[in-house]
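A.B. asks:
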Amino acid sequence: ERMFIECFIYHYSISVLLARDISSLPNPFVIFKELNVVLKCPVYNSAPVVEWMNNPLLGSSLDTLEILAKISYIGRMEMPLGPLWLEKLVRLRNMCIYYTPAMHSTGMDELQWFNFKINSLVGILMTKSCYLLASKMIHYNDFDINSIEVRKCLKELLRCFREIPQDHTIWGILPWPMLITGAFARDPDDQELILQRINLMAERAHTYCGVRMASFLHEIWNSKDSPDSGLSLLFDRERLAQLDL
């Protein structure tokens with residue numbers, strides 16, 4: 025049951041930004057209040073374990089999906105944002121800035137420690153990519169894609185992508201951060217790394233989703249109006265709906 029709930033959380037969270045119509049979906053500012061009550065019920069009762077070990081699918085990165093869903097929900101609104109939603113978004117971005125991976129538990133064997141490190145990287149990837157998207161939304165008309173903060177964030181994201189083994193199954197839940205990271209990447213080598221990882225993910229999933237993602241990113245990169253003008257596609261509902269993550 026817990027795995028089904030976490031599976032729903034993952035698919036729901038990434039769908040909020042991409043779906044044409046979310047009128048039949050619950051508001052993430054409401055649904056997570058209900059789900060968090062359910063998720064606090066422990067899976068393991070026989071021994072003391074850290075809280076994140078009760079999350080069989082998303083592990084310590086579970087909380088980052090709530091941030092992702094809420095930022096994506098605000099991203100569907102008319103830009104630039106009004107004061108109320110802008111304030112909410114700033115708070116969410118601050119959560120991304122101060123996010124730290126969960127603490128490891130004692131007594132882990134080698135495999136558990138390895139999977140814990142991979143899961144920690146997923147949490148960083150989710151929050152750092154959310155930071156980039158939120159920053160663009162906050163500074164919608166005067167966003168500087170070449171700022172020190174953006175370049176530093178991109179460097180950290182690409183480091184995390186490099187540290188995940190290419191044959192690890194975790195790539196199956198990384199299309200969203202790959203898409204957002206790629207949208208903000210302007211260095212050809214960085215873009216090539218993202219495309220390689222997208223192709224890797226698509227090959228493992230036996231799907232054409234990688235082709236659609238790559239095409240979408242090339243549209244962003246090939247925009248000639250200004251360095252960040254292609255980022256407007258991240259708010260183009262019809263174009264986003266063509267993606268399959």
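Residue 232 in the working numbering sits at position 208 of the sequence shown; the count goes up by one each step and never skips. Virtual Cβ for every residue (Gly too), placed ideally from N, Cα, C.
1. What residue from F32, I188, G234 and S153 has the CA that sits closest to E173's CA?
2. With 16 other CB atoms within 10 Å as the buried threshold, where does F240 fall?
3. Run the CB neighbour count on V40, radius 10 Å, all protein chains shown included, and call it buried at 16 or more, exposed below.
4. Consult DSSP for H163 and reduce its assignment to one of helix, strand or coil.
5. Measure the alpha-carbon distance for N78 versus I197 and round it to whole angstroms.
6. Can you look up V67 in the DSSP assignment and give me helix, strand or coil?
7. My assumption, with CB atoms under 8 Å, is that I204 sits in contact with L157. Please give the rounded CB distance.
8. What's the call for N170, buried or exposed, on a 16-neighbour Cβ count within 10 Å?
9. Would you call the stretch 120–129 in contact with the stretch 46–62, where contact means no fewer than 3 C-beta pairs closer than 8 Å?
10. Can you give me the C-alpha to C-alpha distance between Y34 and R261, rounded to a whole angstrom?
11. For my contact list, A93 and Y155 are in at a C-beta cut-off of 8 Å; report their separation, rounded to the angstrom.
12. Got a sec, what are the start and stop residues for the alpha helix (DSSP H) Q220 sits in?
13. Between which two residues does the alpha helix (DSSP H) containing W195 stretch?
14. My guess is that Q190 and L224 are in contact by the Cβ rule of under 8 Å, so how many angstroms apart are they, rounded?
15. Would you say the stretch 107–122 touches the stretch 136–154, given that touching needs at least three Cβ pairs under 8 Å?
16. For F7, which residues in the same chain have their Cβ closer than 7 Å to its Cβ, ignoring the five residues on either side in sequence?
17. Determine the extent of the alpha helix (DSSP H) in which I91 is found, giving its start and end residues.
18. Starting from the Cα of M27, find the closest Cα among P66, S253 and P104 and give me that residue.
19. Would you mind stating whether Y164 and M103 have Cβ atoms separated by less than 7 Å?
20. Rounded to whole angstroms, what's the CA-CA distance from L267 to D87? Just pull it up for me.
21. Got a sec, what are the start and stop residues for the alpha helix (DSSP H) Y34 sits in?
C.D. replies: Taking the definition as stated:
1. Locating residue 173 in the sequence shown gives position 149, counting from the first residue. When each option's Cα is compared against that of E173, the closest is S153.
2. As a working note, residue 240 is residue 216 in the sequence shown. Counting of Cβ neighbours within 10 angstroms places F240 among the buried residues, the total reaching 16 or more.
3. Residue mapping note: residue 40 aligns to position 16 of the sequence shown, counting from 1. Around the beta carbon of V40, a 10 Å sphere encloses 16 or more other beta carbons of the protein chains shown; the residue is thus reported as buried.
4. Counting from one through the sequence shown, the residue named residue 163 turns up at place 139. In this structure, H163 counts as coil in the three-state DSSP scheme.
5. On the sequence shown, position 54 is the one that residue 78 refers to. On the sequence shown, position 173 is the one that residue 197 refers to. Spanning the two alpha carbons is a distance of roughly 18 Å.
6. As a working note, residue 67 is residue 43 in the sequence shown. Note: V67 maps to coil in three-state DSSP.
7. What you label residue 204 is simply residue 180 of the sequence shown in a count that begins at 1. What you label residue 157 is simply residue 133 of the sequence shown in a count that begins at 1. Sure, about 6 Å apart at Cβ, within 8 Å.
8. By 1-based counting over the sequence shown, the position of residue 170 is 146. It is exposed - the Cβ of N170 has fewer than 16 other Cβ atoms within 10 Å.
9. Judged by pairs of C-beta atoms under 8 Å, the stretch 120–129 does not touch the stretch 46–62, as fewer than three such pairs exist.
10. Mapped onto the sequence shown, residue 34 falls at position 10. Mapped onto the sequence shown, residue 261 falls at position 237. Their backbone Cα atoms lie some 20 Å apart in a straight line.
11. By 1-based counting over the sequence shown, the position of residue 93 is 69. By 1-based counting over the sequence shown, the position of residue 155 is 131. Between Y155 and A93 the Cβ distance is about 15 Å, and since that is not below 8 Å, they are no contact.
12. For this step, residue 220 is matched to residue 196 along the sequence shown. Its alpha helix (DSSP H) spans residues P212 to A229.
13. Numbered from 1 along the sequence shown, position 171 holds the residue referred to as residue 195. Membership of W195 in any alpha helix (DSSP H) is not indicated, and neither H nor E is assigned to it by DSSP.
14. One-based indexing of the sequence shown puts residue 190 at position 166. One-based indexing of the sequence shown puts residue 224 at position 200. Between L224 and Q190 the Cβ distance is about 6 Å, and since that is below 8 Å, they are a contact.
15. As far as the Cβ criterion goes, the stretch 107–122 touches the stretch 136–154, which means the pair count is three or higher.
16. Residue 7 cannot be examined here, being either before or after the span of the chain that is shown, 25 to 269.
17. Reading the sequence shown from its first residue, position 67 is the one you call residue 91. L86 to I98 is the span of the alpha helix (DSSP H), which, as asked, contains I91.
18. Locating residue 27 in the sequence shown gives position 3, where the first residue counts as 1. Among P66, S253 and P104, the Cα nearest to that of M27 belongs to P66.
19. Along the sequence shown, one-based indexing puts residue 164 at 140. Along the sequence shown, one-based indexing puts residue 103 at 79. Cβ atoms of Y164 and M103: closer than 7 Å.
20. Locating residue 267 in the sequence shown gives position 243, where the first residue counts as 1. Locating residue 87 in the sequence shown gives position 63, where the first residue counts as 1. Their Cα atoms are separated by approximately 24 Å.
21. In the sequence shown, residue 34 corresponds to position 10, counting from 1. DSSP places Y34 inside the alpha helix (DSSP H), whose first and last residues are R26 to L42.
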